[in-house]
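Asker:
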Amino acid sequence: MQLTRIASDEIIVDVAALGAEMQSIQTRDGRNWMWHGDAAFWTGRSPILFPMVGRAPNDTISIDGVRYQMSQHGFARRSNFTLVVEESDRCVYRLEASEASRAMYPFDFRLDVEHRVEGRAVSVTAEVSNRGEGLMPYGIGFHPAFAWPLPGSGAEPHWIVLDNGAAPALHRLSGGLVDPEKLASPFENGALRLDHSLFEADAMVFPEGAGAGLRYGPRTGPAVHFSWENLPNLALWSKPGAGYLCLEPWHGTAAEVGGSDDLGERPYSEMLGPGATGRYEFRAELIG
51 MQLTRIASDE IIVDVAALGA EMQSIQTRDG RNWMWHGDAA FWTGRSPILF PMVGRAPNDT
111 ISIDGVRYQM SQHGFARRSN FTLVVEESDR CVYRLEASEA SRAMYPFDFR LDVEHRVEGR
171 AVSVTAEVSN RGEGLMPYGI GFHPAFAWPL PGSGAEPHWI VLDNGAAPAL HRLSGGLVDP
231 EKLASPFENG ALRLDHSLFE ADAMVFPEGA GAGLRYGPRT GPAVHFSWEN LPNLALWSKP
291 GAGYLCLEPW HGTAAEVGGS DDLGERPYSE MLGPGATGRY EFRAELIG
């Protein structure tokens with residue numbers, strides 16, 4: 051696997067060419083704050099979701115009345131990106147439209163993914179460019195998996211605490227599609243105590259109201275402050291018993307149960323005009 055290593059005085063980050071996927075975040079004391087990709091549970095670590103988030107009905111999307119096969123979370127995470135910038139503290143990987151991509155997604159796109167480190171923080175930025183002549187629909191999202199428990203936290207309960215103190219409505223997945231029924235929020239005054247039983251029914255999806263930042267970790271001790279830009283949706287996901295928690299900010303959700311298979315009609319899909327670029331980012335700062 052082709053890897054690029056970037057570093058600050060505080061942390062070391064490895065990024066793979068396959069999927070432009072971050073593989074690890076280590077502090078200089080050797081602690082790894084990310085999931086290690088155990089195949090017994092899930093081999094992912096921090097996939098980039100493009101040109102759709104989640105699943106489509108029967109793994110089929112339609113664009114301008116034409117149907118295309120597309121598997122969960124799109125094809126970027128299984129594509130080889132090209133390294134176009136390599137510096138000591140940042141790297142940029144690029145994916146461009148190809149004959150293979152046009153068979154699934156008939157648009158002339160460019161996707162640049164930058165990883166940058168500063169102090170004890172890593173930021174990941176995705177820029178989507180429409181190089182064609184018509185409107186380009188897509189969804190995009192991030193899917194980083196952090197260690198659960200975090201290194202050095204022992205057996206202390208872990209929490210998600212939203213920066214905005216809100217109690218966003220919960221939606222669940224059914225067959226990988228979003229159930230439009232709003233359920234009671236599991237948050238109280240912005241706080242949610244994590245338990246593996248929360249994920250027995252798959253991911254917890256909060257299409258709106260979660261704000262743009264949160265703190266993950268025990269009440270005291272090691273934690274991650276996680277923030278995001280231009281990504282209105284949030285999901286939390288793990289497999290019961292696995293040692294990770296995914297913090298997933300999205301712009302675009304899976305298709306709704308009973309909804310359209312048209313990519314542009316999915317909830318929160320983007321419609322990018324010719325020559326335009328959309329920018330999306332998350333930042334993870336390690337505390338402790």
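Convert by adding 50 to the 1-based position in the sequence shown; the result is the number in our numbering.
Glycine residues also receive a C-beta, built at the ideal position from the N, C-alpha and C atoms.
Here the structure is a predicted model, which is why all the values come from computation and not from measurement.
#1: Got a sec, what are the start and stop residues for the beta strand (DSSP E) residue 112 sits in?
#2: Apply the 10 Å Cβ neighbour rule to residue 134 and answer buried if 16 or more other Cβ atoms are within range, or exposed otherwise.
#3: Using the Cβ count rule (16 or more neighbours within 10 Å means buried), how would you classify residue 138?
#4: Taking the alpha carbon of residue 309 as the reference point, which residue from 97, 112, 78, 79 has its own alpha carbon closest?
#5: Taking the C-alpha atoms as reference points, what is the distance between residue 198 and residue 69?
#6: Give the secondary structure of residue 325 by DSSP, where H, G and I count as helix, E and B as strand, and everything else as coil.
#7: Which of the three DSSP states, helix, strand or coil, is assigned to residue 57?
#8: Let's see if you can read the secondary structure: which residues bound the beta strand (DSSP E) around residue 147?
#9: Using C-beta distances below 6 Å, list every residue in its chain close to residue 117, excluding the 5 sequence neighbours before and after it, in chain order.
#10: Would you give the residue range spanned by the beta strand (DSSP E) that residue 74 belongs to?
#11: Cutting at 8 Å between CB atoms, please list the residues of its own chain near residue 236, excluding the five before and the five after it.
#12: Enumerate, from N- to C-terminal direction, the unbroken beta strand (DSSP E) stretches of 3 or more residues contained entirely within the stretch 198-238.
#13: Might you give, ordered along the chain, the residues of its own chain that have their beta carbon closer than 6 Å to the beta carbon of residue 326, omitting 5 neighbours on each side?
#14: Of the choices 215, 335, 184, 114, whose alpha-carbon is the least far from that of residue 278?
#15: What does DSSP give as the partner residues of residue 263 in its beta bridges?
#16: Give me whichever residues DSSP pairs with residue 179 in a beta bridge.
#17: Check this for me: beta carbons of residue 330 and residue 283, under 7 Å apart or not?
#18: Hey, would you say residue 295 sits closer than 7 Å to residue 157, going by beta carbons?
#19: What are the partner residues of residue 191, as DSSP defines its beta bridges?
#20: State the Cα-Cα distance for the pair residue 212 and residue 177, rounded to the nearest angstrom.
#21: Starting from residue 51 and walking both ways along the beta strand (DSSP E), at which residues does that stretch end?
#22: Name, in chain order, the residues that DSSP records as bridge partners for residue 287.
#23: According to DSSP, is residue 123 helix, strand or coil?
#24: I think residue 8 touches residue 100, with their Cβ atoms under 8 Å apart; what is that distance to the nearest whole Å?
#25: Given 6 Å as the limit, tell me if residue 218 has its C-beta closer than that to any heavy atom belonging to the ligand NAD.
#26: Shortest alpha-carbon distance to residue 258 belongs to which of 301, 114, 272?
#27: Using the Cα positions of residue 332 and residue 274, report the straight-line distance between them to the nearest angstrom.
Answerer: So, to answer that:
#1: 110-113
#2: exposed
#3: exposed
#4: 112
#5: 23 Å
#6: coil
#7: strand
#8: Element bounds for residue 147: n/a, residue is neither H nor E.
#9: 110
#10: 72-77
#11: 220, 242, 248, 254
#12: 209-212
#13: 180
#14: 335
#15: 277
#16: 160, 327
#17: no
#18: no
#19: 99, 300
#20: 26 Å
#21: No beta strand (DSSP E) contains residue 51, which DSSP labels as neither H nor E.
#22: 296
#23: coil
#24: Here the chain covers residues 51 to 338 and nothing more, so residue 8 does not appear.
#25: This structure lacks the ligand NAD, and indeed carries no ligand of any kind.
#26: 301
#27: 12 Å
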